[in-house]
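Counting in the working numbering, the first sequence runs from 74 upward without gaps. Beta carbons: idealized from backbone N, C-alpha and C, even for Gly. Structure, as structure tokens:
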Amino acid sequence: MNQGRPLTFTIQHKSTLSKARRGVISTVRGDIQTPAFVPVGTKATIKGLTPEMVKDLKADVILANTYHLYLQPGTEVLEKAGGIHTFMQWDGPMFTDSGGFQAFSLGVALGKNITKFTSKARPDFDEIALQEKTGHKSDPDRPVLQPAKVDEQGVMFRSIIDGSAHYFTPKKSIEIQHSIGADIIFAFDECTSPHEPVEYQKRSLDRTHRWAMESLKTHVDNADAFAKQALFGIVQGGRHEDLRKESAQVLGEMKYNGVEFDGFGIGGSFAKEDMMTAVAWVNEVLPENKPRHLLGIGEPADIISAVKEGCDTFDCVMPTRNARTGTVFVADSSSERYGYKNVNLRNAEFKADFGPIDNECDCYTCTNYTRAYIAHLYRAQEMLGGTLATIHNLRFMTRFMEKVREDIEKGEL
RNA sequence: GCGCAGAUGGCGGAGUGGUCAAUCGCAUCUGACUGUAAAUCAGACGCCUUCGGGCUACGUAGGUUCAAAUCCUACUCUGCGCA
């Protein structure tokens, strides 16, 4: 159907135990072995690492963000640079998220205790979760940011840098993503809060679908960009089966001038136990031959579950953010097969622990440095600590995905 | 030796009669982090506790007062100045 696209997806193995698939997404800039973990480099950098380091971790692909890059350095600079790849010296495949998540994280979620997940089981209004947090302790002078506002046409964002107002429509998001030049771009969506009632979820979903069409149209109408970049639609629908399935159906069949989406993202903010049911509903309906990216997930255990439900790629800030704040993955063979535990290296017990972070890890950090040294770097507030831990956590993720792929091939997952 | 100034919790430093177990910062300890407003944020931080409270504390020793980290006296120590 989508002939001559800059992206092809080949499924090499299908699991008989689950809906897992082992495949390859081929782009002009190289292949992505799937299932794959996609490190997040929001502002055109995997925080703390050079692109060469990221390559060494065997990461095939990274993800950057439209909203953040639009604010800084801006599309003019990115265009003059010749696109994000040359700008940041990353020559592999890249995703850009559309800014849809910021409509949520800087909108209804702003200052509240909710992000990708909410702590409460049911998405009823939860006083604790919705409690306002005060501004930034580290920078009290920073102006209090007004939340982003969604309307039928688009989203009014405030700049996190200076508070200035910026209006994103689907057309604008796609145009910015054209300027940025990532290999795989996302339609502009609204990530809804799980606290919103079903009526709102429905209304928002219809809007997201209209925005998806507008995104597709904007992309297809730009022949140059269309030839170089793949576009993924984003499924929403909260925790409602009918809405999730409707969304997968509508986006799966959506066409503009006979052109469909090249793949799909699955979005949303969830109560923990609602995520996998939503993923299962969606993947039941989405076209099988196109890649499915689960946005913002995550935790190795979550990835396993989602792979079993047929997801192919995953991006998540957790490994990089945790690394910067002191928490690293450590293999824990005493637990189950994909056993690991989170270890906070800033805890007192590691001050004089001269072993590696993880005995089983082959990364640069684990082969050269001790827990004690990295613990010291954190305490001394030396930025190398975050860098070394990020190397480890990302390598943990890529090794983890290698194992997932092998297990699918071996018919064990 | 004389004259000033000062001695507060691990450190720095508020507090100058009751609402002080004592603001705040640092350090320390613990926790959180899932399409990155995050090299961030939250909590704890004298001792004991049946979590109601109890006990010991603001250099040392006395004193004044119903009440003292806060006022008075002496002493010890520290800094500065003068000899």
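Nearest neighbour of P373 by Cα position, chosen from I233, P360, G383, F387, turns out to be F387.
Per DSSP, the continuous beta strand (DSSP E) segment holding A404 begins and ends at 400-404. Around the beta carbon of Y140, 16 or more other beta carbons sit within 10 angstroms, so the residue counts as buried. Rounded to the nearest angstrom, the gap between the Cα atoms of V134 and G165 is 6 Å.
Under DSSP, A109 takes part in a beta bridge, and its partners are T386.
By the beta-carbon neighbour count (other beta carbons within 10 angstroms, threshold 16), M456 is exposed.
Around T393, the same chain offers P112, V113, I119, K120, G121, T463, N466, L467 as residues with beta carbons nearer than 8 Å, after the five sequence neighbours per side are excluded.
Short of 6 Å from the beta carbon of G306, and not among the five residues preceding or following it, lie these beta carbons of its own chain, in chain order: A260, A285, L324, F334, F337. Excluding its 5 nearest sequence neighbours in each direction, G77 has no C-beta neighbour in its own chain below 6 Å.
In the assembly as shown, E287 is a buried residue. Its beta-carbon has 16 or more other beta-carbons within 10 Å. Taking a contact to require three or more Cβ pairs closer than 8 Å, the segment 348-366 and the segment 307-322 qualify as touching. Sorting A93, N330, S277 by C-alpha distance to the C-alpha of E263 places S277 at the top. The segment 256-295 is shown to contain whole beta strand (DSSP E) runs of 3 or more residues at 257-259, in chain order. According to DSSP, residue pairing for Y140 in a beta bridge does not occur. Straight across, the Cα-Cα distance linking N330 with G399 is about 50 Å. At the C-beta level, T291 and K244 come within 7 Å of one another. When the Cα atoms are used, G236 and H268 turn out to be separated by approximately 26 Å. Taken through DSSP and simplified to helix, strand or coil, M327 comes out as coil. Annotated as proximal: A221 and G180, with beta-carbon spacing under 7 Å. In summary, E382 is buried, with 16 or more beta-carbon neighbours lying within 10 Å of its beta-carbon over all protein chains present.
Linking E346 to F190 through their CA atoms gives a straight-line distance of about 10 Å. In this structure, DSSP gives A445 a helical state, which the three-state scheme calls helix.
Comparing alpha carbon positions, the residue from N395, G311, I257 closest to F343 is G311.
Taking the C-beta atoms as reference points, G340 is found nearer than 7 Å to L368.
Taking a C-beta distance under 7 Å as the contact criterion, I257 and A298 do not qualify as a contact pair. When DSSP states are grouped into helix, strand and coil, R397 belongs to the helix group.
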